[in-house]
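Residue numbers (our numbering), protein chains in the order written: chain G, 1 to 460; chain C, 1001 to 1460. By construction, the Cβ of each residue, glycine as well, lies at the ideal position given by its N, Cα and C atoms. Note that the coordinates shown come from a computational prediction; the quantities given were computed from them, not determined experimentally. See below for the structure under consideration.
Number of protein chains: 2
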Amino acid sequence: MPAVNEYIQSNKQRFLDELFEFLRIPSVSTLPEHKQDVARAAQFVSGKLAAAGLENVEVIATAKHPLVYADWLHAPGKPTVLLYGHYDVQPPDPLDEWKSPPFEPTIRDGNVYARGSADDKGQMYMHVKAMEVLRAARGGNLPVNVKFLIEGEEEVGGESIATYVPTNLDKLKCDVALVSDTELFADGVPTLCIGLRGLMYLEIEATGPARDLHSGIYGGAAPNAVYGLIELLAKAKDKDGRIQIPGVYEDVVPPDASEVESWQQLAFSEEDFLRNEVGASTLTGEPDQSVLARIWARPTFEVHGIAGGFTGSGAKTVIPAKATAKVSMRLVPDQNPAKVLEQVQAWVAANTPQGIRTQVRILSANPAVSVNPHDPAIEIAAKAFSDVLGRPTVFIRGGGSIPIVGEFAKYLGVPTVLMGFGLPDDGLHSPNEKYRISNYYQGIETIAHFLDLYGTAGVK
Amino acid sequence: MPAVNEYIQSNKQRFLDELFEFLRIPSVSTLPEHKQDVARAAQFVSGKLAAAGLENVEVIATAKHPLVYADWLHAPGKPTVLLYGHYDVQPPDPLDEWKSPPFEPTIRDGNVYARGSADDKGQMYMHVKAMEVLRAARGGNLPVNVKFLIEGEEEVGGESIATYVPTNLDKLKCDVALVSDTELFADGVPTLCIGLRGLMYLEIEATGPARDLHSGIYGGAAPNAVYGLIELLAKAKDKDGRIQIPGVYEDVVPPDASEVESWQQLAFSEEDFLRNEVGASTLTGEPDQSVLARIWARPTFEVHGIAGGFTGSGAKTVIPAKATAKVSMRLVPDQNPAKVLEQVQAWVAANTPQGIRTQVRILSANPAVSVNPHDPAIEIAAKAFSDVLGRPTVFIRGGGSIPIVGEFAKYLGVPTVLMGFGLPDDGLHSPNEKYRISNYYQGIETIAHFLDLYGTAGVK
């Protein structure tokens, strides 16, 4: 759309200046001392939404950090798009590893370096600017109806939005959600994420003797809670990483042939992945699955740590009475968390070593999310992406979880277009987080183009 | 020896008063604020040794707490006995569980309640009083030559005495050592401990990826250091607790038939041991070994804890880059710690899961100690014990380690008579530690009687 491009070109500097202003607000949601900064970021967002012509702008107080809502609903007969993002950021630690201050955005080599530049302020703000651009190009109108819902707790669990969505179904009613909090598979490759693994997080507690015992006096005849847990957990996977919990793979839907084929077209190098990202002596996991399948389409069983016994410096000869493992499972379509939990509980009961009692506690459970790549909204998004970047759009999955996507599907019954413009080396959550400036402008253009095509198609 | 008995009877109150004075000194060796109290306890011991007629009394400064030395060497042609004990005590915590103050000895039901009453002040001081008693009964003479070596670091690792012994071989030359820091197998049962397990303490470190990874992005294809360690450690024992490290049982000398038979005569109840001491749902360990054999005469492999990954509250989805297990093995005769270490290293190398690198670090290693029950000094000790308590002496082992006994064997080439008068419920290291008053007097009498018989036998 030439008018859109022209408007972006003639407002380039201002668009960047506004983003810089946003990035200078240290809206670290996990740190109480930044509570006012988080509130300031919410005000910034609501102000810019109003300035872009959105209506019914609200800063909604919650138990923790505010939600920002806004809408524009003057396209009768056209579909409604829910635009989601978050204005909170991770803490910047370790500070001394930053080459420029985390809250003083600095340009180097075509990138903006700042905490939140990619995750997610830089991406979320593209949505706001797309509104301005579209309205300017269309005499104050938008091609679709839009609703914005922006949160300030994404980095701390997102409780408030998880409560808000199911209790505001009419207000949030829409046809599709749009999220820009992901990345391109590789530089220049238009990428839509159509699957995210779910996550079930558990604690497995083992109890042996009534109290910690001296291993000299009792060693050989008394059960050890740490070792009992080790014996149990070691049975969870075989040496090739196949989960041994009966039934776990029952409902796993393998990616269809076309998806597998599309993965084979991706410029993915196991060698680079091992050397530059994982840094171990070898990759591991199910040998009959490709690496991408292992991280995107296969369930996992991971032990994050074991608390209990003695782990200080030096030597203490204790037979621990109690130990707790932090365990998580990544879930894939169509695994049902409740069913998997039952399978885990049955497996724990059947495999608990003698002398040990075990208890399984569930901390959280979210199912996997998948989006049908043949959904009209996804097909239109793919076309818009290809149009702007000049290459065919690839469909990938993500191994991690974005719980809100599952909530949108569950409560609003809509697919989510996961259209992100980050790059794999952006360093989210790490020092020297960056976002490429050309991706920022390209993102604004792509989002505007997508909404335009989507409105023209009139899909509801 | 009637004269000995008579002397003890007529000095009963004073012997108890002196012990109370000793127990009032809070000589907690691990707490810097008690450093002066520890020094005061050393002075108390040296003063009482001099008062009992010992000569060459020295308080020997060390890097931490003093050693006390004294001797009496006027029995030419008679053997020399080295008497060892310790005057330091464990901290009294938790204080609010004490029924009477830990450093204000209080009599209840024929017991003295105080920190250190059994471990080891009450027992060590019997040796001092035995000197006084014997000299009084023999016109100022002793039946044997004696050397005292008393330390103030037993509860904090005993580094100073471990350095002192090998560098003072001539000074400490003797025929047998006598230690009263153990207990009767049961009330009224004369008991000599003739075996102590050794201890090898290890750290096994596992490294997987180059840095902690996000389990969503990498889970399924990246090795996990905590899980790698779990997989490795689970292979150390089968489900019945048999150690699976090749060669570990090669040099294990089973207790001889007479020892096994003597254990069967002991009034040991597995049921009581499980219910009152261990408190688990069942005892564990090698089913073809008796419980006493498992805790006294069989090697163990124990995991005390695993450091690394995430063990805080809540959920963190990390694939840990590094994890370290605290591992110990109890060793039995004739296992050689250096050989067992090699076996462990070979086993670790052979069983490290793919993607993981492991390293074994040794923190300490002491071999098991065993005393030949047919050694003349042990036979005489057994007779003396039986004479005084009026029942046959039983020979038991201990599952824990008393490293100094190994040092005496290694550097001085002598057996140690482990003749203790504590009771299994004395509560060493716990609140309300106690020592039975009648055992205190009986101990003085038994030690005096042993030295008398040993001098008469003239064994060298």
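Helix, strand or coil for residue 1025 of chain C? Go by DSSP, reduced to three states.
coil
Taking the straight line between their C-alpha atoms, what separation do you get for residue 417 of chain G and residue 192 of chain G?
7 Å
Per-residue burial, residue 335 of chain G [other beta carbons within 10 Å of its own, 16 or more giving buried]
buried
Assuming residue 118 of chain G contacts residue 426 of chain G under a Cβ cut-off of 8 Å, what Cβ separation, rounded to an integer in Å, is found between them?
4 Å
Within its chain, find whatever has a CB closer than 8 Å to the CB of residue 177 of chain G; leave out the 5 residues flanking it on each side and keep chain order.
81, 82, 83, 84, 405, 408, 412, 414, 415, 416, 417
When we look at the beta-carbon of residue 1014 of chain C and count the other beta-carbons within 10 Å, is it buried (16 or more) or exposed?
exposed
When DSSP builds the beta bridges, which residues end up paired with residue 145 of chain G?
G:80
Say whether the stretch 1330-1346 of chain C touches the stretch 1375-1388 of chain C, bearing in mind that this needs 3 or more beta-carbon pairs closer than 8 Å, one atom from each stretch.
Output reads no: the stretch 1375-1388 of chain C does not touch the stretch 1330-1346 of chain C.
Which stretch, first to last residue, makes up the beta strand (DSSP E) that contains residue 322 of chain G?
322-331
Note down, in chain order, each residue of its chain lying with its Cβ closer than 7 Å to the Cβ of residue 174 of chain G, except the 5 sequence neighbours on either side.
80, 81, 82, 147, 412, 414
Residues in the stretch 299-321 of chain G with C-beta within 9 Å of chain C's C-beta atoms, listed in sequence order?
Against chain C - using a Cβ distance shorter than 9 Å - the residues of the stretch 299-321 of chain G are 299, 300, 301, 302, 303, 304, 305, 306, 307, 308, 309, 310, 311, 312, 314, 315, 316, 317, 318, 319, 320, 321.
Exposed or buried, what is residue 1289 of chain C when buried is set at 16 or more other beta-carbons lying within 10 Å of its beta-carbon?
Label assigned to residue 1289 of chain C: buried.
Residues in its own chain within less than 8 Å of residue 438 of chain G by CB, not counting five upstream and five downstream?
110
Close beta carbons around residue 24 of chain G, own chain, < 6 Å, minus the five adjacent residues each side
103
Which runs of the alpha helix (DSSP H) fall wholly inside the stretch 1126-1174 of chain C and span at least 4 residues, in chain order?
Runs of the alpha helix (DSSP H) inside the stretch 1126-1174 of chain C: 1159-1164, 1169-1172.
Excluding the five sequence neighbours on either side, which residues of its own chain have a C-beta within less than 6 Å of the C-beta of residue 1143 of chain C, listed in chain order?
Shown here for residue 1143 of chain C: same chain residues with a beta carbon closer than 6 Å to its own, the five before and five after excluded, namely 1451, 1452, 1455 in chain order.
Looking only at its chain, what residues have a beta carbon closer than 7 Å to the beta carbon of residue 7 of chain G, apart from the 5 residues adjacent to it on each side?
133, 136, 137
For residue 1359 of chain C, name the three-state secondary structure that DSSP assigns.
strand
Quick one: using the 10 Å Cβ neighbour count with 16 as the cut-off for buried, is residue 1141 of chain C buried or exposed?
exposed
With a cut-off of 8 Å, does the C-beta of residue 1227 of chain C fall near any C-beta of chain G?
Taking 8 Å as the threshold, the shortest C-beta distance from residue 1227 of chain C to chain G falls below it.
I need the DSSP call for residue 1441 of chain C, collapsed to helix, strand or coil.
helix
Are three or more beta carbon pairs between the stretch 262-282 of chain G and the stretch 1270-1283 of chain C nearer than 8 Å?
no
Tell me which residue opens and which closes the beta strand (DSSP E) that residue 294 of chain G is part of.
Looking at the DSSP string, residue 294 of chain G is not in any beta strand (DSSP E); the run it does join, the alpha helix (DSSP H), is 291-296.
What is the rounded straight-line gap between the Cα of residue 1252 of chain C and the Cα of residue 1298 of chain C?
8 Å
With a threshold of 16 other CB atoms inside 10 Å of the CB of residue 1265 of chain C, please say whether the residue is buried or exposed.
By the 10 Å Cβ count, residue 1265 of chain C comes out exposed.
Beta-carbon gap between residue 230 of chain G and residue 1303 of chain C smaller than 8 Å
yes
Taking buried to mean at least 16 other C-beta atoms within 10 Å of its own C-beta, is residue 239 of chain G buried or exposed?
exposed
Contacts around residue 262 of chain G, its chain only, beta-carbon distance under 7 Å, and the 5 residues preceding and following it disregarded
394, 395
Per-residue burial, residue 1271 of chain C [other beta carbons within 10 Å of its own, 16 or more giving buried]:
exposed
Excluding sequence positions up to five away, which residues of its chain have a Cβ less than 8 Å from the Cβ of residue 1458 of chain C?
1077, 1078, 1079
Whole alpha helix (DSSP H) runs in the stretch 1180-1256 of chain C with 4 or more residues, listed along the chain?
Qualifying alpha helix (DSSP H) stretches, in chain order: 1215-1218, 1225-1234.
Consider the Cβ of residue 514 of chain G: report whether some Cβ of chain C lies at a distance smaller than 8 Å.
Residue coverage of chain G in this structure runs from 1 to 460, which leaves residue 514 of chain G outside it and unanswerable.
List the residues of chain G that residue 1201 of chain C touches, going by C-beta distances under 8 Å, in chain order.
Here the neighbours are 315, 317.
Quick one: grab the DSSP three-state call for residue 1122 of chain C.
helix
Does residue 1300 of chain C come out as helix, strand or coil in the three-state DSSP assignment?
coil
Would residue 22 of chain G pass as a contact of residue 121 of chain G if the rule is Cβ separation under 8 Å?
yes
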